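Written below as structure tokens is the structure these notes are about.
2 protein chains.
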Amino acid sequence: MLTPAIAELWEQDGTGGSVRQRLYRVLRLAIIRMQFAPGQALSEKEISDAFAVSRQPVREAFIRLSEAGLVEVKPQRGTYVVGISQKSVLEARFVREAIEVAVSISAAEQGVSPRVLDELRDLIERQLRCAHGGQYDQFFILDEAFHRVLSLGAGHETAWRVTEEVKAQLDRVRYLSVPDTTPLEKLVQQHADIVDAIERQDVEQARQAMYVHQREILISLPQMVQRFSSIFEDADH
Amino acid sequence: MLTPAIAELWEQDGTGGSVRQRLYRVLRLAIIRMQFAPGQALSEKEISDAFAVSRQPVREAFIRLSEAGLVEVKPQRGTYVVGISQKSVLEARFVREAIEVAVSISAAEQGVSPRVLDELRDLIERQLRCAHGGQYDQFFILDEAFHRVLSLGAGHETAWRVTEEVKAQLDRVRYLSVPDTTPLEKLVQQHADIVDAIERQDVEQARQAMYVHQREILISLPQMVQRFSSIFEDADH
DNA sequence: CTGATATGACTTGTATGGTAGCCATACTAG
DNA sequence: CTAGTATGGCTACCATACAAGTCATATCAG
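The listed protein sequences derive, respectively, from chains A and B.
Under our numbering, the first residue of the first sequence is numbered 17, with each subsequent residue one higher.
Under our numbering, the first residue of the second sequence is numbered 17, with each subsequent residue one higher.
So, in structure tokens, the structure goes:
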């Protein structure tokens, strides 16, 4: 079933790149934003009809989504949106923490250009405005931008690519809880702490600040599992 | 061009899974083992003819390879084996170190089952025999198994999936230098140090041991760049 | 001889037809 | 009524046909 919200994603997505890439972006967003329920069956034909394209690019987008751990392709049976489980969230969080803490350390050790620092400060400022205004969607976008700019600014493009990949699992959970159980102001402050430490090239503080930031979800996760026990696969049995 | 060595890979690869998965495994190995030279042009048609399959699964394997950073697909132009650059190796190494050090710490903190410890010890023993016998190919297989068993044994499946992905870049370099500039015995000893620390649940030692192990390639890389300057993209200009 | 242009042989991207396998349902034998 | 089986509709997978872009080469005008 194609909801209006998904159709809107398809329209809004600039025709950048091939149909396959466009489909991947749209379907990925749709899954993260819970437009497709966990466990829901998709199908090449259904999606291709809905977007008026052929089955082949849909198929390729499905394969890509399955590699990102967002759907599961069962040969000769169907393609299903994977369920959210506490385990999958914890595993993704573990990998993300490992990488981003290392990035933070690296950035503090080697230093980052003033250009990047300015960009980070600017993002933090805009995040603060979103926090005060309660603009959660916009905050998420700025949050992702912050981590991207930090990783790329430290010269770790591959690290960002991997982070982006595992982040999808976490974003899906975060999208469940809007407003988040963690106040946005607290997250913004953590961002500021990270940038401060990096600017001072205080390696230990940079490590610590990112470590604390990455463990924030561990605090809120148990509450979410309880509150959305119907969504989490491994909660109620 | 299809060398006999590649055809052998195709034959040997058990018919596990779909044609696409089989093609991916074979082409991945072929690239890592330098059966396809960096920069070499592949083509969907060429490969599909060589393996007597249609273009479609080849195309899907190409897409997968491009996501692993082993080939680059240029629309309407061609598909090329990506070159080896010092930068790409360093970036992959950075990510791998971050993840595997975190895994080692986690394993020491939480402990691993005796079953896993036995398996690791067994692998180390077999690695030692390979080291003495100079069986480099077999050692590489056992080395990969070691890191896989450790990651999975610590309950970090996603971490291993990511490690496996970035490892391809490093394996390609390592395959250049057989015998490696680092004595195999030294690597085996490092494996033993890691397992010892984990068994004692000595977190700091487990971190340190894995850290040292992961930085080994940093020592040998400069020599390799110099020795194989014609292979490395960013070496001679 | 030089330079612009058409052409043709490539490439990947997309569309569509056909195949094999899974599964629920209906049906049939006991 | 029950257990086994046939069947029809679905799926993803693979093969093939077509479309569209790129680039080297040949051709032709100046």
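Glycine residues also receive a C-beta, built at the ideal position from the N, C-alpha and C atoms.
Remember, it's a predicted structure, so these values are computed and weren't measured experimentally.
B/A68 in three-state terms, based on DSSP: Position 52 of the second sequence holds residue 68 of chain B. Here B/A68 sits in coil by DSSP.
Rounded distance between the beta-carbons of B/G169 and B/S129, thought under 8 Å: Within the second sequence, numbered from 1, the residue matching residue 129 of chain B stands at position 113. Within the second sequence, numbered from 1, the residue matching residue 169 of chain B stands at position 153. Approximately 7 Å separates the beta-carbon atoms of B/S129 and B/G169; this is inside 8 Å, confirming the contact.
Assigned secondary structure, A/L39 (DSSP; H/G/I helix, E/B strand, else coil): Numbered from its first residue, the first sequence carries residue 39 of chain A at position 23. In the structure shown, the three-state DSSP call for A/L39 is helix.
Nonlocal neighbours in the same chain, by C-beta distance under 6 Å from A/V111, ignoring five residues either side: If you number the first sequence from 1, residue 111 of chain A lands on position 95. Excluding positions up to five away in sequence, the list reads V182.
Cross-strand partners of A/V87 (DSSP beta bridge): Reading the first sequence from its first residue, position 71 is the one you call residue 87 of chain A. Here A/V87 is bridged, per DSSP, to A/V97.
B/S193 versus B/I22: straight-line alpha-carbon distance, rounded: Here residue 193 of chain B refers to the residue found at position 177 when the second sequence is read from its first residue. Here residue 22 of chain B refers to the residue found at position 6 when the second sequence is read from its first residue. Whole-angstrom Cα-Cα distance: 20 Å.
Cα-Cα separation between A/G127 and A/I214, rounded to whole angstroms: Position 111 of the first sequence, counted from the start, is the residue given in the question as residue 127 of chain A. Position 198 of the first sequence, counted from the start, is the residue given in the question as residue 214 of chain A. One C-alpha to the other measures close to 7 Å.
Interface residues of the segment 159-177 of chain B facing chain A [CB-CB below 9 Å]: Residues G171, H172, E173, T174, A175, R177.
CB contact below 8 Å: B/A34 versus chain A: Here residue 34 of chain B refers to the residue found at position 18 of the second sequence. This sequence places Ser at residue 34 of chain B; Ala is not what is there. It does: the Cβ of B/S34 has a partner Cβ on chain A nearer than 8 Å.
CB of A/L200 within 8 Å of CB of A/F155, strictly: Numbered from its first residue, the first sequence carries residue 200 of chain A at position 184. Numbered from its first residue, the first sequence carries residue 155 of chain A at position 139. Closer than 8 Å, so yes.
Residue range of the unbroken alpha helix (DSSP H) whose run includes B/F110: Working through the second sequence from its first residue, we reach residue 110 of chain B at position 94. Bounds of the alpha helix (DSSP H) holding B/F110 are 102-126.
The segment 82-100 of chain A / the segment 37-55 of chain A touching (three or more Cβ pairs under 8 Å): Using a C-beta cut-off of 8 Å, the segment 82-100 of chain A makes contact with the segment 37-55 of chain A, since at least three inter-stretch Cβ pairs fall below that distance.
Nearest-angstrom beta carbon gap, A/H163 and A/T179 [assumed within contact, 8 Å]: Within the first sequence, numbered from 1, the residue matching residue 179 of chain A stands at position 163. Within the first sequence, numbered from 1, the residue matching residue 163 of chain A stands at position 147. Going by Cβ atoms, the distance from A/T179 to A/H163 rounds to 7 Å, so yes, they are a contact pair.
Chain-order list of residues whose beta-carbon lies under 7 Å from that of B/F78 (same chain, five-residue window excluded): On the second sequence, position 62 is the one that residue 78 of chain B refers to. If we look at B/F78 and ignore the five residues flanking it on each side, its Cβ neighbours are E60, V87, V89, T95.
Close beta carbons around B/E249, own chain, < 7 Å, minus the five adjacent residues each side: Looking up residue 249 of chain B in the second sequence gives position 233. Around B/E249, the same chain offers G99, I100, S101 as residues with beta carbons nearer than 7 Å, after the five sequence neighbours per side are excluded.
For B/H253, three-class secondary structure by DSSP: The residue given as residue 253 of chain B occupies position 237 in the second sequence. Low confidence applies to B/H253: its pLDDT is 48, below 50, so where it sits in the model is not reliable enough to give any reading.
Buried versus exposed call for B/E116 [16 or more other C-beta atoms within 10 Å across all chains shown]: Residue numbering aside, residue 116 of chain B sits at position 100 when the second sequence is read from its first letter. Taking a 10 Å sphere around the C-beta of B/E116, we find 16 or more other C-beta atoms and assign the residue as buried.
Residues bridged to B/A57 (per DSSP): The residue labelled residue 57 of chain B in the question sits at position 41 within the second sequence. The partner list for B/A57 (beta bridge, DSSP) reads B/Y96.
Of the listed residues B/A222, B/T197, B/L203, B/I48, nearest to B/V241 (C-alpha basis): Here residue 241 of chain B refers to the residue found at position 225 of the second sequence. The shortest Cα separation from B/V241 among B/A222, B/T197, B/L203, B/I48 belongs to B/T197.
Candidates B/V132, B/G150, B/W176, of which the one nearest A/E107 by Cα: Looking up residue 107 of chain A in the first sequence gives position 91. Nearest option by C-alpha distance: B/W176.
Chain A contact for B/A225 (CB, 8 Å cutoff): Reading the second sequence from its first residue, position 209 is the one you call residue 225 of chain B. It does not; no Cβ of chain A falls within 8 Å.
Cβ-Cβ separation, B/I47 to B/R188 (assumed contact under 8 Å), whole Å: Indexing the second sequence from 1 puts residue 188 of chain B at position 172. Indexing the second sequence from 1 puts residue 47 of chain B at position 31. Confirmed, about 7 Å.
Near-chain A residues of the segment 68-88 of chain B - C-beta to any C-beta below 9 Å: When C-beta distances to chain A are compared with 9 Å, the residues of the segment 68-88 of chain B below that value are Q72, R75, E76, I79, R80, E83, G85, in chain order.
Residue span of the alpha helix (DSSP H) that contains B/P20, given as start and end: Reading the second sequence from its first residue, position 4 is the one you call residue 20 of chain B. Run containing B/P20: 20-28, per the alpha helix (DSSP H) assignment.
Any C-beta of chain A under 8 Å from that of B/V97: Your numbering for residue 97 of chain B matches position 81 in the second sequence. Under the Cβ criterion of 8 Å, B/V97 is not counted among the residues facing chain A.
Cut-off 8 Å between Cβ atoms - residues of its own chain near B/A84, not counting five sequence neighbours on either side: Residue 84 of chain B sits at position 68 when you count from the first residue of the second sequence. Cβ neighbours of B/A84 beyond the five flanking positions: R44, E181, A184.
Within-8 Å CB hit, B/F110 to chain A: In the second sequence, residue 110 of chain B corresponds to position 94, counting from 1. So, interface residue.
CB contact flag (B/R137, B/V211, <8 Å): Looking up residue 137 of chain B in the second sequence gives position 121. Looking up residue 211 of chain B in the second sequence gives position 195. Closer than 8 Å, so yes.
Proximity to A/R80 [Cα-Cα], best of A/Q37, A/Q51, A/R49: For the purposes of this step, residue 80 of chain A is identified with residue 64 of the first sequence, where counting begins at 1. For A/R80, the nearest C-alpha among the options comes from A/Q37.
C-beta atoms of A/R41 and A/Y191 nearer than 8 Å: Numbered from 1 along the first sequence, position 25 holds the residue referred to as residue 41 of chain A. Numbered from 1 along the first sequence, position 175 holds the residue referred to as residue 191 of chain A. In this structure, A/Y191 does not lie closer than 8 Å to A/R41 by Cβ.
Spatial distance of A/H253 from A/W26 (CA atoms): Your numbering for residue 253 of chain A matches position 237 in the first sequence. Your numbering for residue 26 of chain A matches position 10 in the first sequence. Because A/H253 carries a pLDDT of 46, less than 50, the predicted location of this residue cannot be relied on, and the following value inherits that uncertainty. Straight-line Cα distance between these residues: approximately 37 Å.
Beta-carbon neighbours of A/E107, restricted to chain B and to distances below 9 Å: The count along the first sequence starts at 1 and reaches residue 107 of chain A at position 91. Under a criterion of Cβ atoms nearer than 9 Å, the residues of chain B adjacent to A/E107 are, in order, G171, H172, E173, T174, A175.
Inter-residue CB distance, A/A161 and A/L139 (contact presumed, cutoff 8 Å): For the purposes of this step, residue 161 of chain A is identified with residue 145 of the first sequence, where counting begins at 1. For the purposes of this step, residue 139 of chain A is identified with residue 123 of the first sequence, where counting begins at 1. For A/A161 against A/L139, the beta-carbon gap comes to about 6 Å, under 8 Å, which counts as contact.
Residues that DSSP places opposite B/F248 in a beta bridge: To locate residue 248 of chain B, count along the second sequence from 1; it is residue 232. B/F248 pairs with B/I100.
Delimiting residues of the alpha helix (DSSP H) encompassing A/P238: As a position in the first sequence, residue 238 of chain A is number 222, starting the count at 1. Where A/P238 is concerned, the enclosing alpha helix (DSSP H) stretches over 232-243.
Nearest-angstrom Cβ-Cβ length linking A/P91 and A/L39, presumed shorter than 8 Å: What you label residue 91 of chain A is simply residue 75 of the first sequence in a count that begins at 1. What you label residue 39 of chain A is simply residue 23 of the first sequence in a count that begins at 1. So it is not a contact: roughly 20 Å between Cβ atoms.
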